[in-house]
Structure formats: C-alpha cells, structure tokens
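In full-length UniProt numbering, the protein residues as written are 1 to 709.
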C-alpha cells in the first residue's frame with residue numbers, strides 16, 4: 001500500500017496541528033466507527049469520491065478499511081456516481097484517480113497551498129514549489145523512444161514563457177526512462193530494448209488518449225449542462241466545422257485539446273455555445289476563428305515536423321492495435337485465469353493480468369498485407385485511413401492467420417526433429433487451463449502443443465546462454481508465444497521515417513528468425529517429472545506462471561515458495577551440478593570423502609518427500625536453533641538451518657549418511673549459527689580449518705576401529 005499512500009500524502013503540518021486535527025477527527029467519527037461494517041460500506045459507496053479521500057486522511061482505521069481489495073466496489077460505485085466522469089485510467093487505481101480529480105492536495109508533497117488543477121496527461125496535481133522542482137522540459141525524441149514519456153502543456157513551472165518548450169514532463173519519469181534505457185544498452189539486450197520501447201510507446205499512446213478524455217471532462221465539468229443545450233452545441237459545432245472545411249481548413253486543426261487551457265477556452269467560447277448559428281454570428285466570429293486556427297495550424301505543423309505528430313499514423317496504429325486485440329485467440333485463456341483473482345488483497349497488490357498475447361508480426365512484415373503503407377501514405381484524413389483499412393481488414397486477417405500457422409508449424413517441426421516417428425505421429429496436443437479444455441478447443445493442434453508447460457524451447461546458437469558462477473553456461477529456456485520475434489506492437493516508426501516496402505523483410509524472414517528455436521531436452525525432462533508429481537500433465541505453461549510463488553521443493557529443508565520457472569531452474573541446475581557426489585569432491589578438499597546423497601535426483605523414487613508441492617501461502621521456516629556445517633561449506637546449500645535437533649538428525653542421516661552427528665563438526669548452534677546465517681566466517685573459521693577437523697575426526701575413528709579389530 002506504500003505506493004498508493006505516496007500519491008495521497010498528508011500536507012506538512014506541525015505536530016501540534018496534527019494532534020489537534022486527530023482529536024477533532026476522533027470525536028466526530030466515533031459514531032461512524034461503531035457502525036456495522038456492511039452498513040458503513042453501503043453508505044460509503046454513495047459518498048462523493050472527494051469525501052472518501054478526506055475520510056481516509058482522518059484515521060488509520062478508515063485508511064486501512066478503504067484501501068483493501070474488497071473495498072474496490074465502493075470506490076467504483078462512488079466514482080460512477082459522478083456525472084460524465086471518464087472511467088479510471090489505465091494503470092491507476094480508483095483511490096489514486098479520486099485523489100487526482102477531487103483532492104486539492106499536491107500529489108508530490110501533500111500541501112494545499114497554490115495547488116493547481118489536475119493534469120490529465122501527467123496525472124498529477126502540483127503546488128508551485130513542486131512545479132518548479134519536479135517538471136523538466138519535454139525535449140525532442142527520435143527513434144525507438146519517440147513518444148515514450150508523458151508530457152503536458154497544462155502544468156508549467158513558474159518561470160515559463162510563451163516562447164518556451166511545447167510541453168513539460170515529470171523529472172522522475174524522464175530519469176526512470178533514461179535509467180532503464182542505459183541498463184538495457186549496457187546489457188546489450190537489443191531484443192528486450194525493442195520490446196520495452198514498444199511497450200512504452202503503447203502506454204504513452206493509451207495515456208495520451210485517456211488524457212484527452214479527462215481534459216474534456218475537466219473543461220465540461222465547469223460548464224452548466226442540459227440535454228437541450230448539448231444538442232444546440234452539437235448542431236452549432238457541426239455547422240461551423242462544415243463551413244470551415246469549405247474554406248480549406250483541414251479537420252486536424254480543429255483539435256485544440258493538446259493546447260493550453262486559455263487557448264481551449266477561447267476556441268470553445270465561439271464553437272461550443274448553446275445558440276443557433278446565424279449568418280451575423282458567423283460573420284462576427286469568422287476572423288477570430290481563423291486567427292485561432294492559424295495559430296493552431298502552426299502549432300500542429302511544428303508538432304508534425306519536429307515531434308512526429310502524425311494523425312493519420314496514429315489512426316492507423318489505433319486500428320492495428322484494435323485489430324491485434326480482436327485477433328487474439330488466447331484471450332479466452334486469460335479470461336479463465338483472471339476469474340480467480342483474490343478479493344482481499346490490498347489495492348496496490350492486485351495481481352496483474354498475465355502478459356499473454358497471440359503472436360503478431362513486426363510492421364516491416366505486415367506492411368505488405370492489405371497495402372498498409374499505401375493507405376497511410378495516400379491518406380488525406382483519419383476517416384480515409386479507417387475506411388480503407390476496413391476494406392482490406394479481411395485480407396489482413398487471412399495473412400495474419402497464415403503467418404501464425406506457418407510459425408507454429410515451423411516450431412513444432414524443429415521441436416520434434418529429435419522425436420521418434422511414433423512419437424511424432426502420436427503428438428500430445430491436449431491443453432488444459434484450470435483443469436478444463438474449454439478455453440483451448442478453438443486453437444490448432446500445433447498451437448496447443450506449443451502452449452503446453454512441457455514444451456520447452458531454447459536457442460541452439462552460441463549467443464543465448466546464462467552463466468551460473470563456476471558451474472558454467474546453461475541454455476536459457478523459452479515458452480511459446482513468449483519469443484521476442486513473435487511479440488510485436490503495431491508501431492509504424494519505420495514506415496514514417498521512409499523505410500517502406502523496399503526495406504521490408506522478405507517473406508521468409510520469419511522462418512529465419514525462428515530457425516534457432518529447438519527442443520530443450522533437459523528442462524523438458526524436469527517439467528514432465530514435476531507435472532506428473534502434481535498430476536497436471538497437460539497444463540498450459542501460462543497457468544503455472546500465473547500462479548506465482550506457490551511451488552515448494554519437497555527435497556529442500558527451507559521449503560521456500562518459488563515461481564514455476566524458478567523451481568524448474570532449481571531442479572535443472574541441481575541435476576547439472578550434482579552428478580553423483582562429484583560436486584562435493586570439488587567443493588571440499590578432504591582426505592576422507594564426504595558421503596552425499598543427491599536428494600534432488602529426479603529418478604530417486606525411494607524418498608518419502610515429494611519433488612514439489614503447491615502452497616497458497618508463503619512458507620516461513622521456524623526460528624532456527626541449529627545449522628548444518630557441511631551444507632554451509634558447500635556453497636550451493638549455504639542456508640540449511642533447522643528449528644529442532646530432531647530435524648537436524650534426520651537431515652544428517654538422509655543427506656550424509658551420518659548416524660551420530662557431532663556439534664562443531666556436523667552442526668552448530670549459537671553463537672556460530674548467527675555467523676552461518678549472515679554468511680560470514682566469524683566464529684566458524686574458514687573452510688580449510690573445517691576440512692582439517694573433518695579429517696582428524698575420521699582419522700581418530702579409523703584408529704579406534706583398527707584397535708578394536
């Protein structure tokens with residue numbers, strides 16, 4: 001909840017002021033606090049959102065009560081009661097939205113002094129001090145990061161001049177974007193950089209559109225409303241627009257919503273008036289209208305020239321984005337998974353929907369489909385773009401289906417290349433989500449096979465490896481459709497910059513891009529074994545991924561909950577490192593060998609512990625009273641601690657075949673245990689000292705055995 005709390009900070013008051021305020025609140029709210037919970041929540045849902053924000057600022061009781069997941073319907077109902085208020089913007093929670101629109105506190109510092117109107121694009125409400133410290137100029141962006149950070153004309157520093165920049169953005173958002181860009185460039189992760197940049201553009205595009213809607217509400221909310229007046233406004237606006245078009249004005253110049261508030265109000269004072277348009281009124285307003293349009297024309301043209309503001313391109317991208325969503329065959333799977341959302345989590349801990357989308361090509365591939373480039377370059381208006389796109393939509397749909405089918409067929413062929421003929425003919429294409437095949441029946445056999453959890457891909461080139469300290473490289477695994485070359489966002493940047501059909505990827509490019517992806521036999525073996533243990537052999541990988549940290553290794557002492565990919569990696573890496581007791585000999589240089597039982601051996605059927613189990617709560621170990629010294633000196637098992645001596649003795653027998661454990665040699669208690677938990681030597685000494693002690697102990701035992709013989 002901390003993230004949300006930051007967005008509704010209390011103003012900076014002295015301790016005395018806070019104490020007085022607290023006493024007043026307590027005395028006036030005692031009756032409400034004694035009210036039955038169900039009755040209170042019902043009443044709260046009819047309260048204005050601004051009053052709810054004020055209420056949660058009064059006491060910790062109301063703050064806690066109204067900021068949990070179960071209170072979300074209260075906020076939604078309260079917000080829906082405000083006439084004309086747009087839906088909660090993407091990426092915001094309802095309490096944050098209410099604070100933005102109806103609280104007079106600065107979003108950053110919490111003060112009320114001089115706080116301005118809510119900024120619909122930056123989604124903040126700033127005081128004069130924070131406007132000067134938290135805003136930075138919106139500078140030109142080219143390439144991948146064009147249109148990636150929200151900007152606004154409506155919130156400006158105190159020293160802004162009319163000749164200043166076209167907009168401002170939040171310093172924190174700019175810095176975070178730069179930090180992430182440097183991180184990806186430093187890691188030379190081009191694929192991840194491209195995906196991140198496209199997602200930033202998508203977020204910016206959505207946020208910009210939602211900002212337009214919010215700004216319109218903010219302006220309209222200050223004006224009186226009636227159905228008759230709205231009809232008169234619509235009729236007058238339509239007539240004015242038609243007359244202006246006959247005088248040669250492009251409709252793009254009629255959009256003033258991105259301009260400053262004064263310019264918007266000047267335009268609306270002429271166009272949005274609930275009066276019939278007479279010839280005399282038209283003659284009187286025309287010079288002012290055209291003067292405003294000339295200024296807006298220069299502004300829009302400058303925008304297009306320097307910042308890539310292209311209305312037709314945005315319209316095409318919007319159509320492609322909607323088309324991509326409409327053609328997402330995996331949405332039924334997402335819907336089933338989201339039905340299980342917990343209803344008692346804090347609002348800022350709500351589990352996000354799974355990032356699971358059907359494959360979509362890059363625009364240099366798709367630009368051939370349905371003459372997308374020609375439509376864009378020949379467009380004279382956004383209406384033309386939409387009309388022509390709808391004419392070729394069926395053709396694009398067919399091409400997309402063929403592209404997906406070809407990609408699926410290629411991946412299945414490459415994956416099954418090592419299968420026997422019988423295995424290829426009897427390919428298992430059953431795919432379950434929440435134990436049912438209902439949400440996957442409509443998919444092709446190849447798609448269902450690729451989406452299974454036990455279909456694990458890797459790249460067979462030498463570039464894609466991960467390093468695990470001294471254990472060497474291991475191949476990174478992939479699960480369909482989460483493959484960089486198959487997940488693209490409709491972004492026409494390459495087309496805009498002139499890289500049109502002559503630079504488009506050839507038809508067989510997708511085949512070449514997918515060529516390296518083959519079967520990951522090692523992780524496939526691990527996955528199949530774990531799924532048999534859980535009795536869900538046909539489950540979709542996305543379901544396991546969506547379950548989060550609930551998978552517990554039954555062979556580890558701590559029983560720490562992991563995500564699905566983590567526990568697969570856990571068993572895979574263990575099987576690589578522990579070949580017999582080879583790693584122990586590598587880690588410990590002792591004359592007398594340390595007997596080690598590999599409890600993570602997938603073929604070890606005699607163990608009573610399961611390989612994996614599912615727990616819905618995070619596993620918290622008991623307070624440790626003892627720790628295994630052998631595990632401590634084997635780096636892979638540093639934190640092997642126990643809450644009882646009985647647990648320690650069982651561990652010694654199972655792992656090291658030790659029937660009589662000796663304190664100081666096999667295990668430790670305090671104060672040595674603290675050093676073990678903190679991974680420092682301290683009282684423990686170094687590993688070489690322990691190895692000498694181990695050999696001395698076994699030398700003595702050997703001498704006793706020989707004397708007895």
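No residue lacks a Cβ here, since even glycine has one placed at the ideal position from N, Cα and C. Please read all numbers here as calculations on a predicted model, not as lab measurements.
Requested in this report: Measure the alpha-carbon distance for residue 87 versus residue 67 and round it to whole angstroms.
Outcome: 19 angstroms
**Report entry** Backbone secondary structure at residue 102 - three-state DSSP
**Finding:** helix
Query raised in the report: What's the gap between the Cα of residue 629 and the Cα of residue 666?
Result: 5 angstroms
Report task. Tell me residue 540's beta-bridge partners as DSSP assigns them. Result -> 452
Query raised in the report: Going along the chain, which residues of its own chain have a beta-carbon closer than 6 angstroms to the beta-carbon of residue 750, five neighbours each way excluded?
Result: Since the first residue of the chain shown is 1 and the last is 709, residue 750 is not available in this structure.
Query - Span separating the alpha-carbon of residue 127 from that of residue 133 - result: 10 angstroms
Query raised in the report: Given that a residue counts as buried once 16 or more other Cβ atoms are within 10 Å of its Cβ, and exposed if not, what is residue 300?
Result: buried
Query raised in the report: From what residue to what residue does the alpha helix (DSSP H) around residue 61 run?
Result: 60 to 66
Query raised in the report: Considering only residues of the stretch 69 to 131, which uninterrupted alpha helix (DSSP H) runs meet the minimum length of 4 residues and lie entirely inside it, listed in chain order?
Result: 72 to 80, 94 to 102
Report task. Could you say if the stretch 438 to 451 and the stretch 327 to 336 meet the contact criterion of at least three C-beta pairs nearer than 8 angstroms? Result -> yes
Query raised in the report: Exposed or buried, residue 446, counting other C-beta atoms within 10 Å across all chains shown (16 or more means buried)?
Result: buried
Requested in this report: Leaving aside the five residues before and after residue 155 along the sequence, list all residues of the same chain whose C-beta is less than 8 angstroms from its C-beta, in chain order.
Outcome: 116, 119, 122, 124, 126, 131, 135, 168
Query - Buried or exposed by the 16-neighbour rule on C-beta atoms within 10 Å, applied to residue 515 - result: exposed
Query raised in the report: For residue 267, which residues from the same chain have a beta carbon less than 6 angstroms from its beta carbon, with the 5 sequence-adjacent residues on both sides left out?
Result: 256, 292
Report task. Report buried or exposed for residue 241, applying the criterion of at least 16 other Cβ atoms within 10 angstroms of its Cβ. Result -> exposed
Report task. Could you give the DSSP three-state label for residue 432: helix, strand or coil? Result -> strand
**Report entry** C-beta neighbour in chain B for residue 383, strict 9 angstroms
**Finding:** Here there is only one protein chain, and chain B is not present.
Query raised in the report: When burial is assigned at 16 or more other CB atoms within 10 Å of the CB, is residue 624 buried or exposed?
Result: buried
Query raised in the report: For the 8 angstroms Cβ check, are there 3 or more pairs between the stretch 279 to 287 and the stretch 319 to 327?
Result: no
**Report entry** Option nearest residue 129 by Cα separation, candidates 101, 158, 151, 153
**Finding:** 158
Requested in this report: Could you spell out where the alpha helix (DSSP H) holding residue 524 opens and where it closes?
Outcome: 521 to 534
Report task. Give the range of the alpha helix (DSSP H) segment to which residue 186 is assigned. Result -> 171 to 186
Query raised in the report: DSSP state of residue 615, grouped into three classes?
Result: coil
Requested in this report: With a threshold of 16 other CB atoms inside 10 Å of the CB of residue 96, please say whether the residue is buried or exposed.
Outcome: buried
Report task. Decide yes or no for the touch test of the stretch 641 to 658 against the stretch 694 to 703: beta carbon pairs closer than 8 angstroms, at least 3 of them. Result -> no
Query raised in the report: Sorted by chain position, which residues of the same chain lie with C-beta nearer than 7 angstroms to residue 114's C-beta, five sequence neighbours on each side aside?
Result: 127, 128
Query - Option nearest residue 600 by Cα separation, candidates 366, 567, 542, 364 - result: 567
Query raised in the report: So, helix, strand or coil for residue 477, using DSSP?
Result: strand
Query - As assigned by DSSP and simplified to three states, the class of residue 297 - result: helix
Query raised in the report: Can you name the start and end residues of the beta strand (DSSP E) that residue 137 belongs to?
Result: 135 to 137
Query raised in the report: Among residues of its own chain, excluding the 5 on either side of residue 379, which ones have a beta-carbon nearer than 6 angstroms to its beta-carbon?
Result: 312, 385
Query raised in the report: Thinking C-beta only, is residue 416 closer than 9 angstroms to residue 424?
Result: yes
Report task. Give, in chain order, every unbroken run of the alpha helix (DSSP H) that is at least 4 residues long and sits entirely within the stretch 223 to 300. Result -> 227 to 246, 261 to 271
Query - Residues bridged to residue 628 (per DSSP) - result: 667
Requested in this report: Grab me the residues of residue 537's own chain with a C-beta within less than 6 angstroms of its C-beta, minus the 5 sequence neighbours each way, in chain order.
Outcome: 531
Report task. Determine the extent of the alpha helix (DSSP H) in which residue 374 is found, giving its start and end residues. Result -> 372 to 378
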